[in-house]
Amino acid sequence: MTIEWNADASEFHLRNGQISYIGRILDNGWAGHLYFGPALTDGRTYAHLGRDGFYGFSNRLGEPIALEYPTGGSGDYRPPALVVEQADGSTVLDLRHRSHRILPGKPAIGLPATYTEVGGEAETLEITLEDPIAALEVQLLYTLYRDRPVVVRSARVVNRGKTPLIVRTAMSASLDVPDAEWQLITLSGEWARERHVERHALRPGKQSVASNRGASSHQQNPFVALVRSTTTEDAGEAIGFSLVYSGNFLAEAEVEPYGTARVRIGINPEAFAWLLDPGAEFQTPEAVLAYSNTGLDDLSAAYHSLYRERLARGAWRDRPRPVVLNNWEATYFDFDEDKLVEIATVARDLGIELFVLDDGWFGHRDDDTTSLGDWQVDRRKLPGGIESVARKVEALGLRFGLWMEPEMISRASQLYADHPDWAVGIPSRPRTESRNQYVLDMSKPEVVDYLFGVLSSVLGSAPISYVKWDMNRTITEPFTTTLPAWRQGEFMHRHILGVYSLYDRLTRAFPGILFESCAGGGGRFDPGLLAFAPQGWTSDDTDAVERLAIQWGTSFAYPLSAMAAHVSAVPNHQTGRITPLATRAAVAFFGVFGYELDPTKLSAEERAEIAGQVAFYKRWRDVFQFGRFHRIRGPLDGDGNEYSWMVVSDDRRAAIAGHFQILSRPNPGPRRIHFRGLDPKLSYRVGIWPDNSTPAGLPPRPLGGDVLMSAGLAIESNRTSALQGDFRARLYVLEAVSPD
Ligand code: DGJ
């Protein structure tokens, strides 16, 4: 791996065995962009890939100049990466190269970020640009990992002058690509149907996804990808853009009139303005750009391994995650200690490892109208406090986990009575309620201090091994009483910095606790929170059919070790659908597995089936949580009625594939599942879960990995098999047999 700076050609070349990212300081000092794609030979110059020597951008000049961190107002009418308002009110900038340096590793940026752990695994290029008239300095940071097809970018904006500046836009990255023959993939949805894959051809003009809700949101995810129309899972070009941030974001592509495209990603400039005092600096979140010319599977794998190994941190990063049972859909707010211990006792008998007490244990919270902020245990329900129930659960041989929603406040709470000004809102206007609650102003240090104190004492009061950190509404009436009128544009970002500060303090104070993030399900499922909580509640929708689309889309950027997936009761509480218990488990296995139901209400047969599911998951947990995930067939294939995907162990000696059929179709033709990621030279025994039977029609001998991938395996016809009926799943367990 090298970052090469060719002084004669004024060119920089970030190159590892997989990718090259090349730029050049143009004759006028601007940072030009030349190339991002498969690795090119080092030691050569590539200036011919860019344009130079004419910077007028007149409409008659044709091909626009590709730039690293563009600014507006001088003829480049494409979206800018940086807009800074100066003392005279103007926003024109002219950023020219002043210096650069190459640093070993990856410097911390004061925000959640990817990191290095061993020497030599990454290098960072820092390019310093300056505009003397604005007295502005911009440092562009580019980290290249030795073994990953990614470039991690961010920018730092520094006021070197004597008067304040206002940063109105500061993107994390901007990338100019030389043609617009791309499709844009986004992960879009709503509560209970998060991160559905959308894929549409780029068209002239701007197309974007964004959040202005104060969280990354259920509606859009801070991930987009450019792909060719021919790109599939295993072939073709794909460029991913992922933002390590949990607040308002923008990811935008513009196709300009000459048919090139610019993509920018960063904090949403809408309602953002950051006052930069003399000497102050503003650091953007980082964007992770990934490249693949071998399809989406490899693009996702790059994100999975980076986020699992070098974004997630702490004791639980590499540890197998426990199988949990969460009481939310079992009891909602209606429980007492006896009921919880009764549930945990049955859970223990089923092999479950951790019991989670969800919402309703504090204040007087019998429904969602009260008590958020009053983090004192409700002695009516739990007379012995959290400690008593946690110890009883531990005595059963389970670990104990607790739900909390730190960032929220109910109007009906002591906290609100004491500190009405701590709720986000504009003093002269009514606050909009959502789920009967308001958001605490996390930009106030005293709020973060209070929450750290009160939640530390809860977490320190009992043997708590896991925390589910929820966040059930987004921000309205954005405003903070701590900032003057002219600085209100800083609020949304400062709020998220406060959230990060609390996460940082609590995860440091309780390093043994496994934190799971949650936001009404998957409303803040983003890389920013993965830096603190190595897993998140993927969606409130636990319906197996709905989860297919949700987990499929989520897998574009996030590893299975980040995706909590639970089996719930039927009829499903979100959709009313009745699916087989086996199908619910078969979908949830592909994630961090657990249950979300009352096991005391199960029949003896259902309990036996669940005990088998838990044992199966534990047997293959390492593969499910840390193996390589491959998508095979999904919502955009055919009529979207069938899904298949699989995980493969690192040594490729074990794999588990799932095939899911939503509706049963009469008189179907022959179908095959084409496995992926196997070792073509190994032979595999194929068994069908749960009884490890040989698929009908297969010889009882092992089959080669090559034929299983190339020719595939016939999926049994549903005319007579267990696949008959709606919502059926088939799991194939592939185990390599020792070479003869
Ligand atoms: C939303 C979460 O996603 C649910 O799992 C549950 O924890 C509820 N909040 C509790 O209020």
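Take any residue in the sequence shown, note its place counting from 1, add 907, and you have its number in my numbering.
Backbone N, C-alpha and C define an ideal beta-carbon position, used for all residues, glycine too.
For this session: Would you tell me roughly how many angstroms separate the C-alpha atoms of Gly1202 and Thr1138, rounded to the nearest one?
Result: For the purposes of this step, residue 1202 is taken as the residue at position 295 of the sequence shown. For the purposes of this step, residue 1138 is taken as the residue at position 231 of the sequence shown. Answer to the nearest angstrom: the Cα atoms are 6 Å apart.
Exercise. Should the segment 1202-1219 be regarded as contacting the segment 1160-1173, the criterion being three or more beta carbon pairs within less than 8 Å?
Worked result: no
Exercise. For the ligand DGJ, any of its heavy atoms closer than 7 Å to the Cβ of Gly877?
Worked result: Past the edges of the chain, shown from 908 to 1647, lies residue 877, and the structure says nothing about it.
For this session: For Asn1574, count neighbouring C-beta atoms within 10 Å of its own C-beta (all shown protein chains included) and say buried if the count is 16 or more, exposed if not.
Result: The residue given as residue 1574 occupies position 667 in the sequence shown. Result: exposed.
Problem set entry | Straight-line gap, Thr1252 to Ser1363 (C-alpha atoms, nearest Å) | Along the sequence shown, one-based indexing puts residue 1252 at 345. Along the sequence shown, one-based indexing puts residue 1363 at 456. Straight-line Cα distance between these residues: approximately 28 Å.
Problem set entry | Close Cβ partners of Ser917 (< 7 Å) along its chain, the five nearest in sequence each way excluded | Here the question's residue 917 lines up with position 10 in the sequence shown. Excluding positions up to five away in sequence, the list reads Arg931, Ile932.
For this session: In the DSSP assignment, find the unbroken beta strand (DSSP E) run with Arg1572 in it and report its ends.
Result: By 1-based counting over the sequence shown, the position of residue 1572 is 665. Looking at the DSSP string, Arg1572 is not in any beta strand (DSSP E), and its letter there is neither H nor E.
Problem set entry | Beta-carbon gap between Trp1527 and His1537 smaller than 8 Å | Stepping through the sequence shown from its first residue, residue 1527 is reached at position 620. Stepping through the sequence shown from its first residue, residue 1537 is reached at position 630. No, Cβ-Cβ distance for Trp1527 and His1537 is not below 8 Å.
Exercise. Is the beta carbon of Trp1444 within less than 7 Å of some heavy atom of the ligand ZN?
Worked result: In terms of ligand content, the structure shown lacks the ligand ZN and carries the ligand DGJ instead.
Exercise. Roughly how many whole angstroms lie between the Cα atoms of Trp1223 and Ser1468?
Worked result: What you label residue 1223 is simply residue 316 of the sequence shown in a count that begins at 1. What you label residue 1468 is simply residue 561 of the sequence shown in a count that begins at 1. The straight-line gap from Cα to Cα measures roughly 10 Å.
For this session: Could you check the C-alpha separation between Phe1582 and Val1593 for me, to the nearest Å?
Result: Within the sequence shown, numbered from 1, the residue matching residue 1582 stands at position 675. Within the sequence shown, numbered from 1, the residue matching residue 1593 stands at position 686. Computed Cα separation, rounded: 11 Å.
For this session: With DSSP as the reference, label Asp1038 as helix, strand or coil.
Result: Start at 1 with the first residue of the sequence shown, and residue 1038 comes out as number 131. Three-state DSSP puts Asp1038 in a strand.
Problem set entry | Local Cβ density within 10 Å of Gly939, reported as buried at 16 or more and exposed below that | For the purposes of this step, residue 939 is taken as residue 32 along the sequence shown, with counting starting at 1. Buried, by the Cβ-count rule.
Problem set entry | Tyr1502 versus Ala973: straight-line alpha-carbon distance, rounded | As a working mapping, residue 1502 is identified with position 595 in the sequence shown. As a working mapping, residue 973 is identified with position 66 in the sequence shown. Between Tyr1502 and Ala973, the C-alpha separation is close to 51 Å.
Problem set entry | When Gly982, Gly1565, Asp1546 are compared against Phe1531, the one with the closest alpha-carbon | Within the sequence shown, the letter at position 624 stands for residue 1531. Ranking Gly982, Gly1565, Asp1546 by CA distance to the CA of Phe1531 puts Gly1565 first.
For this session: Could you tell me how far apart the beta carbons of Arg1664 and Ser1372 are, in whole angstroms, since I believe they sit closer than 8 Å?
Result: No statement about residue 1664 is possible, as the shown extent of the chain runs from 908 to 1647 and does not include it.
Problem set entry | Inter-stretch contact at 8 Å, needing at least 3 Cβ pairs: the segment 1142-1155 / the segment 1431-1449 | yes
Exercise. Are the CB atoms of Trp1329 and Asp1348 nearer to each other than 8 Å?
Worked result: The count along the sequence shown starts at 1 and reaches residue 1329 at position 422. The count along the sequence shown starts at 1 and reaches residue 1348 at position 441. Yes, these two residues count as a Cβ contact at 8 Å.
For this session: Tell me Gln1442's beta-bridge partners as DSSP assigns them.
Result: The count along the sequence shown starts at 1 and reaches residue 1442 at position 535. Beta-bridge pairing links Gln1442 to Glu1423.
For this session: Measure the beta-carbon distance from Ala1180 to Glu1397 and round it to whole angstroms, keeping in mind my assumption that it falls under 8 Å.
Result: As a position in the sequence shown, residue 1180 is number 273, starting the count at 1. As a position in the sequence shown, residue 1397 is number 490, starting the count at 1. Cβ atoms of Ala1180 and Glu1397 come within 8 Å of each other, at about 7 Å.
Exercise. Does the beta-carbon distance from Pro1370 to Gly1221 come in below 8 Å?
Worked result: Translated into the one-based positions of the sequence shown, residue 1370 becomes position 463. Translated into the one-based positions of the sequence shown, residue 1221 becomes position 314. Going by C-beta atoms, Pro1370 is not nearer than 8 Å to Gly1221.
Exercise. The ligand DGJ heavy atoms versus the CB of Trp1098: any closer than 7 Å?
Worked result: One-based indexing of the sequence shown puts residue 1098 at position 191. False, no ligand heavy atom lies under 7 Å from that Cβ.
Exercise. For the segment 1222-1264, which segments carrying the beta strand (DSSP E) assignment without a break, of at least 3 residues, lie completely within its bounds, in sequence order?
Worked result: 1231-1233, 1261-1264
Problem set entry | Sequence-distant residues of the same chain with beta carbon closer than 6 Å to Asp1265, five excluded per side | Your numbering for residue 1265 matches position 358 in the sequence shown. These residues qualify, in order along the chain: Asn1233, Asn1234, Trp1235, Trp1310.
Problem set entry | Exposure of Thr1507, with buried meaning 16 or more beta-carbon neighbours within 10 Å | Here residue 1507 is taken as the residue at index 600 of the sequence shown, counted from 1. Thr1507 should be labelled exposed.
Problem set entry | Inter-residue spacing [alpha-carbon to alpha-carbon] between Gly996 and Val1074 | Stepping through the sequence shown from its first residue, residue 996 is reached at position 89. Stepping through the sequence shown from its first residue, residue 1074 is reached at position 167. Their backbone Cα atoms lie some 12 Å apart in a straight line.
Exercise. Where do the ends of the beta strand (DSSP E) carrying Lys1113 lie?
Worked result: Here the question's residue 1113 lines up with position 206 in the sequence shown. Per DSSP, Lys1113 is one residue of the beta strand (DSSP E) stretching across 1112-1117.
For this session: Report whether the distance from the Cβ of Trp1268 to the nearest heavy atom of the ligand DGJ is below 7 Å.
Result: Position 361 of the sequence shown, counting from 1, holds the residue named residue 1268. No, the ligand DGJ has no heavy atom inside 7 Å of this Cβ.
Exercise. Looking at the structure shown, is His1480 part of a helix, part of a strand, or coil, going by DSSP?
Worked result: In the sequence shown, counting from the first residue as 1, residue 1480 sits at position 573. Note: His1480 maps to coil in three-state DSSP.
Exercise. What does a CB cutoff of less than 8 Å around Gln1283 pick up in its chain, not counting 5 residues either side in sequence?
Worked result: As a first step, residue 1283 is located in the sequence shown; it is residue number 376 there, counting from the start. Closer than 8 Å at Cβ, skipping near neighbours: Phe1269, Gly1270.
For this session: Run the proximity test for Asp1433: is its beta-carbon closer than 7 Å to any non-hydrogen atom belonging to the ligand DGJ?
Result: Numbered from 1 along the sequence shown, position 526 holds the residue referred to as residue 1433. No, since every heavy atom of the ligand DGJ falls outside the 7 Å radius drawn around the Cβ of Asp1433.
Problem set entry | Three-way DSSP call (helix, strand, coil) for Phe1291 in this model | Against the sequence shown, residue 1291 aligns to sequence position 384. The residue asked about is misnamed: residue 1291 is Gly in this sequence, not Phe. It is coil, neither helix nor strand.
For this session: Classify Ile1040 as buried or exposed, calling it buried when 16 or more other Cβ atoms lie within 10 Å of its own Cβ.
Result: Translated into positions along the sequence shown, residue 1040 becomes position 133. So Ile1040 ends up on the exposed side.
For this session: Can you check DSSP and say which residues form a bridge with Ala1562?
Result: By 1-based counting over the sequence shown, the position of residue 1562 is 655. Its beta-bridge partners are Val1555, Leu1641.
For this session: Please go through the same chain and pick out, in chain order, the residues whose beta-carbon is closer than 6 Å to the beta-carbon of Val1195, but skip the five residues on each side of it.
Result: Stepping through the sequence shown from its first residue, residue 1195 is reached at position 288. Correct list, in chain order: Val1057, Val1059, Ser1149.
Exercise. Thinking C-alpha only, which one of Arg1063, Ser1123, Glu1177, Ile1174 is nearest Ala1426?
Worked result: Within the sequence shown, numbered from 1, the residue matching residue 1426 stands at position 519. Of the listed residues, the one whose Cα sits closest to Ala1426 is Ser1123.
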